[in-house]
Amino acid sequence: MGAEKVNKNPKILVFSTEKISDPAIDMAGLLKLHYPPTVYTITVPCSSGIKPKWILRALEQGFDGVFIAADGTDCPYGESCVDKTGQLVGVTQEILKEKGMDPARLKMAAICSVCSEPFVKHVKSFTKYLMNSSN
């Protein structure tokens with residue numbers, strides 16, 4: 059879709075939550091679970107507070123994909139986090155479609171505080187998708 063071109067090693071921006079998914083990402087490093095070095099993280103208090111304009115800005119500024127490591131039902135800020143984050147992703151993917159960009163450049167998954175291996179699997183899978191979508 060569109061004329062976007064993805065680099066050989068896709069840059070992925072991860073929005074990670076300080077109390078839930080950040081510990082899992084940190085533990086992935088401690089356990090020496092390898093994922094691409096072109097993955098960058100930004101910590102936020104709650105995934106439902108992410109703004110569509112932040113995601114769009116990341117993609118416009120050279121990131122090939124954005125991954126939201128959501129709190130899921132473990133969010134300490136409220137039970138509606140899952141619904142709000144899901145709505146955010148849906149709205150942003152619609153905006154991406156309108157701009158002629160592949161909406162699959164935005165992914166979300168619930169990552170619990172001990173979910174290091176699932177995080178690495180998600181990021182590797184997303185990297186593979188981004189690499190293949192550029193062909």
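The sequence shown begins at 59 in our numbering and counts up by one.
C-beta: ideal position from N, C-alpha, C; glycine also.
By how many angstroms is the C-alpha of residue j removed from the C-alpha of residue i?
i: T131; j: C139; result: 7 Å
i: H180; j: E137; result: 24 Å
i: F177; j: G87; result: 11 Å
i: E76; j: C104; result: 8 Å
i: H92; j: L188; result: 18 Å
i: P161; j: S79; result: 23 Å
Helix, strand or coil, according to DSSP, for residue i in the structure here?
i: S171; result: coil
i: K165; result: strand
i: S183; result: helix
i: I29; result: Here the chain comprises residues numbered 59 to 193, so residue 29 is not present and cannot be evaluated.
i: L146; result: helix
i: S138; result: coil
i: M189; result: helix
i: F121; result: coil
Whose C-alpha, out of the options, is nearest the C-alpha of residue i?
i: A102; options: P134, D122, R163; result: Here residue 102 is Val; the residue named in the question, Ala, does not match the sequence. Out of P134, D122, R163, P134 has the C-alpha closest to the C-alpha of V102.
i: K69; options: S171, D141, G123; result: G123
i: L114; options: K186, K182, K157, N190; result: K157
i: A116; options: S191, K182, M159, N190; result: M159
i: E118; options: N190, D141, R163; result: R163
Would you check if the distance between the CB atom of residue i and the CB atom of residue j is smaller than 7 Å?
i: F73; j: I126; result: yes
i: A168; j: A128; result: yes
i: N67; j: T96; result: yes
i: P110; j: T143; result: no
i: P89; j: S171; result: One detail in the question is off: residue 89 reads as Leu in this sequence, not Pro. Cβ atoms of L89 and S171: not closer than 7 Å.
I believe residue i touches residue j by the beta-carbon criterion, under 8 Å. Please report the beta-carbon distance rounded to the nearest angstrom.
i: F184; j: K165; result: 5 Å
i: L146; j: I108; result: 6 Å
How about residue i: is its C-beta nearer than 7 Å to some C-beta of chain D?
i: K66; result: Annotation note: the requested chain D is absent from the structure, which comprises a single protein chain.
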